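Participant: Mapping to the working numbering: the sequence shown position 118 is 132, numbers consecutive.
Here a beta-carbon is modelled for each residue, glycine too, at the ideal position from N, C-alpha and C.
Please read these numbers as outputs of a predicted model, since none were measured by experiment.
I have a structure here, written as structure tokens, and I will follow up with some questions on it.
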Amino acid sequence: MANDSQNLQAQSQAAFLLKSGLRIPLVRSLTGMSWRSLRDLWEVWHGSDIQPPGRMPSNAFAYIKAGQSQVALATLVTVYLSLEKEHQTPTDAFVAAWASTRLFQGQETQLDINAAWYAVRDTKAGLMSFCKCKDCKAGYFFDAKETRKKTKCVFCGSLENSLAGATQCN
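Shown next, in the form of structure tokens:
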């Protein structure tokens, strides 16, 4: 009985993620569902539209450089990390974080769910520093590869956050 409810939950989460536009390989890694089932679900939500061909950006910074909102991504990662602390599964935490972030998004900021997943993945894997501003306490991404000496907080604009360690970074 528990296995049936787990399968139903995975299918429900997969349907939500695919409807939101998450790529099939990413949904498969989150839910473990078969390729065929995921393609069928994609077709239910998107009809004969196929996913865009070609390689996707492979990390969150590539999405940010392509125009994704750093504020929206940082907000989603903050929500995800707090939900994960409540002992939710990564899939449950991501679905809830995506749903809550979408509530606060305006029409002018269309966050790509694929960028959101890569931001979570890169932060969790330590591929990207997620810092806490010492002034406003908001979380934001810090690119240590940037050539600038200081990085502004994307929320309050504080310049006090430098490579010298004035922030708390993960």
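With three or more C-beta pairs closer than 8 Å as the rule, is the region 58-77 touching the region 138-147?
Facilitator: Contact holds: three or more Cβ-Cβ distances are below 8 Å.
Participant: Alpha carbon to alpha carbon, how far is R53 from R69?
Facilitator: Distance between the alpha carbons of R53 and R69 is about 18 Å.
Participant: Taking the alpha carbon of A133 as the point to measure from, which residue in T89, L31, Q119 and F169 has its own alpha carbon closest?
Facilitator: With distances taken between Cα atoms, A133 lies closest to T89.
Participant: For W49, tell me which candidate among Q25, T115, S34 and R135 has the shortest Cα-Cα distance.
Facilitator: Measuring from the Cα of W49, the nearest candidate turns out to be Q25.
Participant: If S34 sits next to W112, beta carbons under 8 Å apart, how far is it from one beta carbon to the other, in whole angstroms?
Facilitator: Right, their Cβ atoms sit about 7 Å apart.
Participant: Given that a residue counts as buried once 16 or more other Cβ atoms are within 10 Å of its Cβ, and exposed if not, what is T161?
Facilitator: With a pLDDT of 43 at T161, under the threshold of 50, the modelled position of this residue cannot be trusted, and the question is left open.
Participant: Provide the residue(s) that pair with S26 in DSSP beta bridges, ordered along the chain.
Facilitator: Paired residue(s): none; S26 is not in a bridge.
Participant: Cα separation between L36 and F118?
Facilitator: Distance between the alpha carbons of L36 and F118: 19 Å.
Participant: Give the list of continuous alpha helix (DSSP H) stretches no shorter than 4 residues that lie fully inside the region 94-152.
Facilitator: Those alpha helix (DSSP H) runs which fall completely within the region 94-152 and span 4+ residues are 104-117 and 127-138.
Participant: Would you give the residue range spanned by the alpha helix (DSSP H) that I38 belongs to?
Facilitator: Here the alpha helix (DSSP H) through I38 covers I38 to T45.
Participant: Between the region 88-105 and the region 143-153, do three or more beta carbon pairs fall short of 8 Å?
Facilitator: The region 88-105 is in contact with the region 143-153.
Participant: What are the boundary residues of the alpha helix (DSSP H) that D54 is part of?
Facilitator: Start and end: W49 to H60.
Participant: Going by Cα to Cα distance, which pick from I78, G171 and Q27 is closest to W56?
Facilitator: The residue with the shortest Cα to Cα distance from W56 is Q27.
Participant: Could you check how far apart the C-beta atoms of S83 and L125 are, in whole angstroms? I think they sit under 8 Å.
Facilitator: Yes, S83 and L125 are in contact; Cβ-Cβ is about 6 Å, under 8 Å.
Participant: Which residue wins for smallest C-alpha separation from A80, given the options D18, Q23 and A129?
Facilitator: The candidate whose alpha carbon is nearest that of A80 is A129.
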